[in-house]
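So the protein sequences, as listed, match chains X and Y.
Quick note, the first sequence lines up with residues 121 to 1083 if you use the numbering used here.
Quick note, the second sequence lines up with residues -12 to 247 if you use the numbering used here.
All C-beta atoms, glycine included, are put in the ideal place defined by N, C-alpha and C.
From a predicted model like this one, the values you see are computed outputs, not experimental measurements.
Encoded as structure tokens, the structure appears first; notes follow it.
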Amino acid sequence: MLIRVEIFIQPGHIDPQAESIKKIFASLGYKQAGVEFRRIYFLEGSISKQEAESIAKQVLVDPFNEGFKVFYSFLGRKPGPCEIEIVYNPGVTDPVSQSVKSAAADMLGRNAVSFARTGRRIKVSGIKEKEFSDIEKFLFNPLIEHKVSYSKYSRLKTLDEFSGKNYEFKLIKVNLLDAEDADLERIGKEGLSLNLAEMKTIREYFRKLGRSPTDCELETLAQTWSEHCVHKTFRGNLHYREKDSRGNLLKEEKITNLLKNTIAKVTNELNSDYCVSVFEDNSGIIKFNSQYNVCFKVETHNHPSALEPFGGASTGIGGVIRDILGTGKGAYPIASTDIFCFAQPNTPAVEGVLAPARIIKGVVEGVKDYGNKMGIPTVNGAVLFDQRFLGNPLVFCGNIGLIPKDKCFKEISPGQVIIVAGGKTGKDGIHGATFSSAELHTKSTEVSSSAVQIGSPIEEKKLASAIIKARDKNLYSAITDCGAGGLSSAAGEISQKWGCKVDLEKVPLKYQGLSYTEIWISESQERMVIVADKKNLPALDKIFQEEEVNYAVIGEITDTKKLELFYQGENVCSLDMNFLYNGLPKIEKKAVWVKPEIIKRQIPAPSDYNLIIKKLLSSYNICSKEWIIRQYDHEVQAGTFIKPLMGENFGPADAAVIKPVFSKKELLAISCGINPFYSDCDPYFMAGLVIDEALRNITAAGGNINHTAMLDNFCLGSAEDEKVLGDLVRTAKGCYDFARAYKVPFISGKDSFYNEFKISGERIVIPATLLISALSVLPDKESCMSCVFKKEKNLLYVLGRTGEEMGGSEYLRISGNINADNRLPQVFPERARRLYEKVYSSARQKIIESCHDCSDGGLAVALAEMCLGSNLGADIFTAEIPFSGEKRDDYVLFSETPSRFVAEVSLENREKFEQEFAGFDYGIIGCVSEKPGLRIYGLNSKIIADLSGEELDFYWRKTFSNW
Amino acid sequence: MVKTLILRTAGTNCDLETKLAFEIAGAKSYLWHINRVKQNPAGLKEFNILCFPGGFTYGDDISAGKILANQIKFWLKNEISAFLNKGGIILGICNGFQVLVKAGILPDCGFRQKISLLANTSGKFEDRWVYLEINRDKINKTACNIWLKGLPETICLPIAHAEGRFYAEKEQIKQLQENRQIIFRYSDKTGKVKESYPFNPNGSMYNIAGITDLTGRVLGLMPHPERYLFKEHIPFWQKERNIIPFGRKIFENAVNYFKQ
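Here is the structure:
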């Protein structure tokens, strides 16, 4: 029987769902709109009417504020004017479905509900019907949901509609052997994202075999050879040229394998003794303490987040958590990071692109939902804004794991079985890997709908519990995640050395109707591939049962060096591992970087410093991100010692510090550096500047540069554009030179291309963006510092020399002078490194009370932020700040020179502190005052800025205060 | 040896730190999956303390804590009553509090839901440190004896939830007051109960953050005591020199109660 339960909030109670929909209408100009919201459950099964009523009453509603009505048809009553009902599309995971089925079974004592889905009905008043039909699209996302049509659904007798049709096996062969080059090119482009040279290599391979490939073989090659999986541009052959702005050639170079010659090279050369596994596994591993190592990975999920922000971000975080679970023999996730680049919320919407506010809210909601439900604290992040991220936001999700020392490497041998565990396989995410390797255009929403998915954190939580239990009992010897490319990447990669045989019909499916190829390349979430000895199957079964995790043995490791796939006994794929993993022809591309001419125009000195500081504090890039931070559980696992918001008044922190093992003393500091604005001036120095930012954040929190590792995440435009590749080369070279000088290795990284968008034919390419994430091991809590002022009368020092180098600064941006000066701040890594070592040793001696790095907005913002967390203030004298260049108050206060800190030092420790830092540039720039607020005396000794504590607080918090 | 059972299921996620908290306090602690308890409900008898930790059991699908609450009600009703009759005590933290309320163990072990924890007025999940008023004059003596020894009149603890708005009929609230069941109320730093946000972070009626049952032996609260076990847990630990980790005290009290 088909049952529909409608649930509504009773009159007199607040309905948070309706309120948030009202906000959407208000933002569209319909401030008077009233909203009624109903959640709907569709159930099917052998249940009596009485049972249906009691399921509704006992399981589905809260008796205190909700009422319900049960119908015995799909639609109940016909939606009226200005009323819409929304349900998930067929095949899209409904995360609540399984819970509803089990909850009903708990109550009835039998599995009576065979099918459950959810939906929602929204009724709007105070708005015209015509207006409603224009804006109803803001209420749902057509990629995953649709509006219920009454005529179609009112006749529905069963929910089978949502479960897909049966599949009848038919082997598909693609005739490549005689294909002309033009046809090859077309086949490669349509759906495979392979170029002509690659298609020719494939044709050659099959000509030698004397047969045509199956669709499954082509798809497997396309997934394995995709930019996403193999980083072919970064590893390809690049013909690099540098030119000046008049077109004169400055430099020319042939680069073979940029990745190997920059990022990987510096790690090899440094050969740091704390690196355990770098660039090999799903994440990079470094040493932590006597028992454990730690691993770290950051991924991007940009294109899915552009189209379905909630699903994109939540599956992004879900995916990177699986990278950690799939490192070595499995690591336990202990912390997450999230870094976003969006267009400013006030950017006008354009056709074919979701409005920035919708993307921002959806992405935050997605990270929140998945991270919180997994019970992993989200401890560090950043948010940046630039109009060029309008159609292509950047969503970086990071995860850190704890792994026993003896579990860091996989072991595989022939005869072992291959198991898939976790979520079932559906049509979701088919072509995710090739999709992320192509640029977005206004039609993306149509072609990529199956590449967008919804995650189920509870499924992954169960999976994680089971995996760690099985790992600790040594029940399996290798594990990897099903990410981009699905089983094709996971099972293929893990058995690469030996070969494998997989029976595709054994893979548990969400519903019928998947072809063998779809099963193989589906990117359904929450799945892991495990390799185990047969004898361990009973013990594994027990754990999976207890944790309620689905699994199936789908194949075994062979010694044929072939990837062999079967469907109901029929061979559907047979590829040589060597061809699959080493057959990709080297890509040949051109790269060019045009050195911009130096611009330095006179910037008028400001007349009102209070106003400038207020503008800086409330600018999108600098303002409080409390709205986001508080929605993330950053304290679960009870190990967050330096939280994102510190002090009695909750000011911003530099890096997070966590204690992952209760019984041991060691801590981890986690930070990031990112600044796409600098790459408009020069991506090489941008790389140096963001590396410095990540490392000085680590240092400011008490981290040790000599036990620190970095991750690189590149996001760039089309890999077919020589200028984009010029930026890539320049950034990678910066990474090499600066990491070498700082002596900090990279342990893992990722590149993402095709981050661009077309609006009415015009290409909008994101600025070259490099995210550096840093992870540092602290021996104990002794060196831990926060950036909150501690005590009145303490002295304030600035460490490091400030320079007149305003290029790319937030000050120029907010004062409308961004094009007046493009001279980027200089990085002196050797000197900075010595300073960071000194700060660390001083922190261990406890002679620094608080410490904050100077970055966006310069010294003025750094000082304001130190006031924010405390109930104290500061009096500052700009004349005392060591400075090079034309000395002006605005330059001194707002320059973003790297490698600088503000340090608070008590009078007792003054002498000791100055002894320690003799030989470094420093100045006593003022002191902490019991009077809250920031007072700055200019070069002429007169007061130029005077902001009360309330003003600082108000302007810093106001921008997102109503979100 | 005092023994604690920490009951977990899919989506429980504060189990390890809660286990740590009880162990620091001197109890031997066990993590059991609900499926294991379902198979052997009599096993409950072995324990002095039963704890429902924080998390998102079953994803908080349908509503927070609801599915686990139903399982407790359907499967373990008699065993829970027997456990309490025999002198055991129960602690429910955050999602665990939601479970106790929705299973009807709070406020009166009648296994009928009489109060609720609804979506925060803000409509959002929120992680924040809050202050709590403890007014011993208005709290059941046994509750003071079990949970509150050595705590000052104002304490601070972190909250992290989306559905924590305490809700009950006016008459019910009056009864809770009369029966001295209201143990923690959201306040400002000085212990003054303030209705405005963010002091009352979720819009709870009467600023209620935690209650006990009629006997004082079942405690449910939205804040997380297991997140304040060490002084480094508080966001201003580097400033305050002498801090008692209030959360740890609550666990120590619970364990010491059985050592009296």
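Could you tell me if residue i is buried or exposed, where buried requires 16 or more neighbouring beta carbons within 10 angstroms of its beta carbon?
i                    : result
methionine -12(Y)    : exposed
threonine 447(X)     : buried
lysine 563(X)        : Here the model assigns lysine 563(X) a pLDDT of 44, short of 50, so the residue's position is not dependable and the matter cannot be decided.
isoleucine 718(X)    : exposed
isoleucine 212(Y)    : Isoleucine is not the amino acid found at residue 212(Y); the sequence shown has proline there. Buried, since its Cβ has 16 or more Cβ neighbours within 10 Å.
phenylalanine 289(X) : exposed
lysine 169(X)        : exposed
isoleucine 733(X)    : buried
tyrosine 740(X)      : buried
asparagine 65(Y)     : exposed
glutamate 813(X)     : buried
lysine 60(Y)         : buried
tyrosine 118(Y)      : buried
glycine 367(X)       : exposed
asparagine 769(X)    : buried
Return no unless some Cβ of chain C is closer than 8 Å to the Cβ of residue i.
i             : result
lysine 734(X) : Looking at the structure shown, chain C is missing, and the protein chains on hand are X and Y.
Whose C-beta lies closer than 7 Å to the C-beta of residue i among residues of the same chain, with five residues either side of it excluded?
i                     : result
phenylalanine 1014(X) : Ser929, Tyr931, Gly977, Gly978 and Ala980
leucine 18(Y)         : Ile(-7), Arg(-5), Asp2 and Lys6
aspartate 774(X)      : Ser791, Asn817, Ala820, Ala821, Cys907, His972 and Asp973
What does residue i pair with, by DSSP beta-bridge criteria?
i                    : result
phenylalanine 153(Y) : Leu104(Y)
asparagine 500(X)    : Thr457(X)
asparagine 691(X)    : Phe686(X)
alanine 652(X)       : Val537(X)
proline 772(X)       : Leu765(X)
Let me know the secondary structure DSSP gives residue i once reduced to three states.
i                  : result
valine 268(X)      : coil
leucine 7(Y)       : helix
tyrosine 490(X)    : helix
tyrosine 118(Y)    : strand
aspartate 401(X)   : coil
glycine 822(X)     : coil
leucine 427(X)     : helix
arginine 1055(X)   : strand
aspartate 832(X)   : strand
leucine 1072(X)    : helix
aspartate 1085(X)  : This structure cannot speak to residue 1085(X), because chain X is shown only from 121 to 1083.
glutamate 842(X)   : helix
tyrosine 208(X)    : strand
isoleucine 1063(X) : strand
histidine 561(X)   : Residue placement at histidine 561(X) is flagged as unreliable, the pLDDT there being 47, under the threshold of 50; the coordinate-derived value follows with that caveat. Coil, per DSSP.
serine 140(X)      : helix
aspartate 857(X)   : helix
Which same chain residues end up closer than 6 Å to residue i when comparing Cβ atoms and leaving out the 5 residues on each side of it in sequence?
i                     : result
serine 456(X)         : Gly491, Ile496, Thr498 and Asn519
threonine 387(X)      : Val398, Pro865 and Phe866
glycine 543(X)        : Glu579, Ser644, Gln645, Glu646 and Arg647
phenylalanine 1080(X) : Trp747
serine 569(X)         : Only weak support exists for where serine 569(X) lies, its pLDDT of 46 falling under 50; the coordinates are left without a value.
valine 155(X)         : Ala138, Ile141, Lys142 and Val244
Could you give the C-beta distance for residue i and residue j, rounded to a whole number, given that I count them as a contact under 8 Å?
i                 : j                : result
glycine 436(X)    : valine 515(X)    : 6 Å
alanine 147(Y)    : aspartate 753(X) : 5 Å
leucine 545(X)    : cysteine 620(X)  : The residue asked about is misnamed: residue 545(X) is threonine in this sequence, not leucine. Between cysteine 620(X) and threonine 545(X) the Cβ distance is about 17 Å, and since that is not below 8 Å, they are no contact.
alanine 342(X)    : leucine 296(X)   : Their Cβ separation, rounded to whole angstroms, is 13 Å, which puts alanine 342(X) and leucine 296(X) out of contact at 8 Å.
lysine 102(Y)     : alanine 155(Y)   : The question names lysine, but residue 102(Y) in the sequence shown is isoleucine. Indeed, because the Cβ distance is near 4 Å, the residues count as touching under 8 Å.
threonine 789(X)  : glycine 767(X)   : Per the sequence presented here, residue 789(X) reads as alanine, with threonine not at that position. Between glycine 767(X) and alanine 789(X) the Cβ distance is about 18 Å, and since that is not below 8 Å, they are no contact.
arginine 235(Y)   : isoleucine 76(Y) : In fact, because the Cβ distance is near 17 Å, the residues do not count as touching under 8 Å.
asparagine 409(X) : valine 781(X)    : 7 Å
Spatial neighbours of residue i within its chain, please: C-beta separation below 8 Å, excluding the five flanking residues on both sides.
i             : result
serine 608(X) : Glu339, Thr340, Gln343, Thr344, Trp640 and Ile641
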